[in-house]
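In our numbering, the protein residues as written are 2 to 419. Since the structure comes first, as structure tokens, the remarks are kept for the end.
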Amino acid sequence: MNKQKVYFKTFGCRTNVVDSQIMMSKLEDFDTTLDEFEADIVVINSCTVTNSADSTARSYINGLKKFDKNPRVIFTGCGVWTKGEGLFKENKIDALFGASEKENINTLLKNESRFFEAGDLNHIDNTIIENMIGKSRAFIKIQEGCDFRCSYCIIPYVRGNSRGYGEEKILEQIKLLASNGFGEFILTGTNLGSYGKGVEGKDGLAILLQKISQIKGVRRVRLGSVEPIQITPQFKELLDEPWMGKHLHIALQHTTKEMLNLMNRRNKLKSDLELFEFIASKNYALGTDFIVGHPGETEEIWQNAIENIKRFPLTHLHGFTYSKRDGTPSATMNGQVSGDIAKKRLAELTSIIDAKNYDFRASKGSLDILIETEKDGKFFGYDQFFNQIEVVSDADLVGDWISISDVQVENKINKAVF
Ligand code: SF4
Numbered sequence: 002m003n004k005q006k007v008y009f010k011t012f013g014c015r016t017n018v019v020d021s022q023i024m025m026s027k028l029e030d031f032d033t034t035l036d037e038f039e040a041d042i043v044v045i046n047s048c049t050v051t052n053s054a055d056s057t058a059r060s061y062i063n064g065l066k067k068f069d070k071n072p073r074v075i076f077t078g079c080g081v082w083t084k085g086e087g088l089f090k091e092n093k094i095d096a097l098f099g100a101s102e103k104e105n106i107n108t109l110l111k112n113e114s115r116f117f118e119a120g121d122l123n124h125i126d127n128t129i130i131e132n133m134i135g136k137s138r139a140f141i142k143i144q145e146g147c148d149f150r151c152s153y154c155i156i157p158y159v160r161g162n163s164r165g166y167g168e169e170k171i172l173e174q175i176k177l178l179a180s181n182g183f184g185e186f187i188l189t190g191t192n193l194g195s196y197g198k199g200v201e202g203k204d205g206l207a208i209l210l211q212k213i214s215q216i217k218g219v220r221r222v223r224l225g226s227v228e229p230i231q232i233t234p235q236f237k238e239l240l241d242e243p244w245m246g247k248h249l250h251i252a253l254q255h256t257t258k259e260m261l262n263l264m265n266r267r268n269k270l271k272s273d274l275e276l277f278e279f280i281a282s283k284n285y286a287l288g289t290d291f292i293v294g295h296p297g298e299t300e301e302i303w304q305n306a307i308e309n310i311k312r313f314p315l316t317h318l319h320g321f322t323y324s325k326r327d328g329t330p331s332a333t334m335n336g337q338v339s340g341d342i343a344k345k346r347l348a349e350l351t352s353i354i355d356a357k358n359y360d361f362r363a364s365k366g367s368l369d370i371l372i373e374t375e376k377d378g379k380f381f382g383y384d385q386f387f388n389q390i391e392v393v394s395d396a397d398l399v400g401d402w403i404s405i406s407d408v409q410v411e412n413k414i415n416k417a418v419f
């Protein structure tokens, strides 16, 4: 009998990307499809980090009702703890399960009735996956949850407290994917840098990275977002290693003392700047997260923030306008900033970092690129500095590692012929 087809719609961060891959790998009585229009069942792996994340998931769900196949709609991911109950009561979704239940997906989907399995926030997955369906790079979840309590953030309440995966399990996962042809590995987590930080003077993340680099087939290792205070001396010693991707994403969130305090952040402006200057001196591209328009961000503070951001050797930006999350301390703070002002500030910040990114790309020589996709006869991939490149070639380059020195630096992207 033809198996029902399941499509996974994944929103949010790389941790969700891994969770969807785990769910795909657990299907036995169902087939995964990468085409949402032929799906009998759509599993929505949701994100709830901002209001727009919630509304994006809701409008996607509304859109599914118009699909010819009228698929069953199953809701999972971080939105389970914020919007799940409402969507279930409104009959917008047919069933719901929490991230802790994902390895049970084959059994859950066989239950055709409406079910609500929220699960818990302490779960650690046991699954080792053989492949990353539809991906050329491998995302490896090494940590879950977060012990920080940034005053604007809902994540600790929907992902739970920080917990790390066993080193042996992580290495076994990478060995398997490397033996199946993956060469680039991106370590991910909710608060990735919390991994292996329990013992004074010992950095489990640095030790793990060294062990990963010794696995046959591992060519490049990248990291998801880390916190400035989590960059240890042991980690700094790895910066010159050839297998380290020459790009780090280190979350600042702001560049003024006042806002870092209001946001209950653990990082400090002075030490942040010293850290970024040190890492940039090692020929690294540097990205960051930055929230504009958080309550209390007066025009004076903003002008100060902009002056400070210009001093940072930044090349990449994940910029957000503040998004009020019910249940977080920031949601009831005074000094709310209007949406228009926040948007204007984000545009100002983005143009500064775009200019820095352009100058950085224009100053670089040989690029080491993994080609991931092809579109309209052009090939796309990322170099060691995590800058995207478009390559024209007669050969099929998808999945290939190529080195290029002669590039055309354009506004948003580099271009080359190979
Ligand atoms: S570090 Fe802060 S912003 Fe990041 S997930 Fe934890 S609480 Fe949220």
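Yeah, the Cβ is synthetic: ideal placement off N, Cα and C, and Gly gets one too.
### Query
Count the other CB atoms within 10 Å of the CB of I134; is the residue buried (16 or more) or exposed (fewer)?
exposed
### Message
Quick check on the DSSP output: what are the complete alpha helix (DSSP H) runs of length 4 or more inside the stretch 370 to 398, in order along the chain?
### Response
none
### Query
Buried or exposed: L286, going by 16 or more other Cβ atoms within 10 Å of its Cβ?
Residue identity check: residue 286 is Ala in the sequence provided, not Leu. Buried: at least 16 other Cβ atoms inside 10 Å.
### Message
Per the DSSP calculation, A286 is bridged to which residue(s)?
### Response
In the DSSP output, where bridge partners are listed per residue, A286 has H248.
### Residues that DSSP places opposite R73 in a beta bridge
I42
### Query
Given L261, which residues of its chain have a CB within under 6 angstroms of its CB, disregarding the five upstream and five downstream residues?
H255
#### Entry: Extent of the continuous beta strand (DSSP E) run through F277
That residue, F277, is in no beta strand (DSSP E); its alpha helix (DSSP H) goes L270 to A281.
### Message
Can you give me the C-alpha to C-alpha distance between E118 and L110, rounded to a whole angstrom?
### Response
12 angstroms
### Query
Which one of C48, S324 and N17 has the shortest CA to CA distance from K344?
Measuring from the Cα of K344, the nearest candidate turns out to be S324.
### Message
For a test of the three-state rule: what should DSSP assign to L315, helix, strand or coil?
### Response
coil
### Query
Between the stretch 350 to 361 and the stretch 297 to 315, do three or more beta carbon pairs fall short of 8 angstroms?
yes
### Message
Given a cut-off of 8 angstroms on the beta-carbon distance, is the pair L318 and T289 in contact?
### Response
yes
### Query
Quick one: Cα of G85 to Cα of F116, how far?
12 angstroms
### Query
When we look at the beta-carbon of E99 and count the other beta-carbons within 10 Å, is it buried (16 or more) or exposed?
Inspection of the sequence shows that residue 99 is occupied by Gly rather than by Glu. Buried, because 16 or more other Cβ atoms sit within 10 Å of the Cβ of G99.
### Message
Whether or not the stretch 28 to 47 and the stretch 151 to 162 are in contact is what I'm after, with contact meaning three or more pairs of Cβ atoms, one per stretch, closer than 8 angstroms; do they touch?
### Response
no
### Query
By how many angstroms is the C-alpha of V159 removed from the C-alpha of T49?
8 angstroms
### Query
Going by the C-beta, is F291 closer than 7 angstroms to any heavy atom of the ligand SF4?
no
### Query
Which ranges does the alpha helix (DSSP H) cover as unbroken runs of at least 4 residues, wholly within the stretch 188 to 268, from first to last along the chain?
205 to 214, 234 to 237 and 258 to 263
### Task
Under 6 angstroms Cβ to Cβ from Y166, same chain only, skipping five residues before and after it: list those, please.
Counting only residues of its own chain and dropping the five nearest sequence neighbours on each side, Y166 has a CB closer than 6 angstroms to the CB of I143.
### Query
What residue from V7, I106 and I292 has the CA that sits closest to P72's CA?
V7
### Query
Is L109 helix, strand or coil when you go by DSSP?
Look at L109 here: in three-state DSSP terms it is helix.
#### Entry: Proximity below 8 angstroms, CB of E391 to CB of K416
yes
### Query
When you compare only the Cα positions, how much space is there between G400 and I130?
19 angstroms
### Task
Along the beta strand (DSSP E) that carries D32, what are the first and last residues, could you check?
F31 to T33 is the span of the beta strand (DSSP E), which, as asked, contains D32.
### Query
Roughly how many angstroms separate the alpha carbons of A207 and S60, rounded to a whole number?
41 angstroms
### Message
Taking only three categories from DSSP, how would you classify D97?
### Response
According to the sequence as given, residue 97 is Leu; it is not Asp. Strand.
### Query
Would you call S195 buried or exposed, if buried means 16 or more other Cβ atoms sit within 10 Å of its Cβ?
buried
### Task
Excluding the 5 residues preceding and the 5 following G320 in the sequence, name in chain order all residues of the same chain whose CB lies nearer than 6 angstroms to its CB.
F291, L347, L350 and T351
### Task
Would you mind reading off the limits of the alpha helix (DSSP H) that contains W303?
E300 to I310
### Classification of A396 by the beta-carbon crowding that lies within 10 angstroms, buried from 16 upward
A396 counts as exposed, since fewer than 16 other C-beta atoms from the protein chains shown sit within 10 angstroms of its C-beta.
### Query
Which runs of the alpha helix (DSSP H), 4 residues or longer, sit entirely within the stretch 114 to 167?
DSSP runs (the alpha helix (DSSP H)) wholly in the stretch 114 to 167: 156 to 160.
### Query
What is the C-beta distance between N305 and T257, in whole angstroms, given that I count them as a contact (C-beta under 8 angstroms)?
5 angstroms
### Task
Would you kindly work out how many angstroms separate the C-alpha atoms of T128 and K203, rounded to a whole number?
27 angstroms
### Segments assigned alpha helix (DSSP H), at least 4 residues, entirely inside the stretch 337 to 375
340 to 363
### Task
Below 8 angstroms on the Cβ atoms is my guess for L249 versus I280; work out the distance and round it to an integer in Å.
6 angstroms
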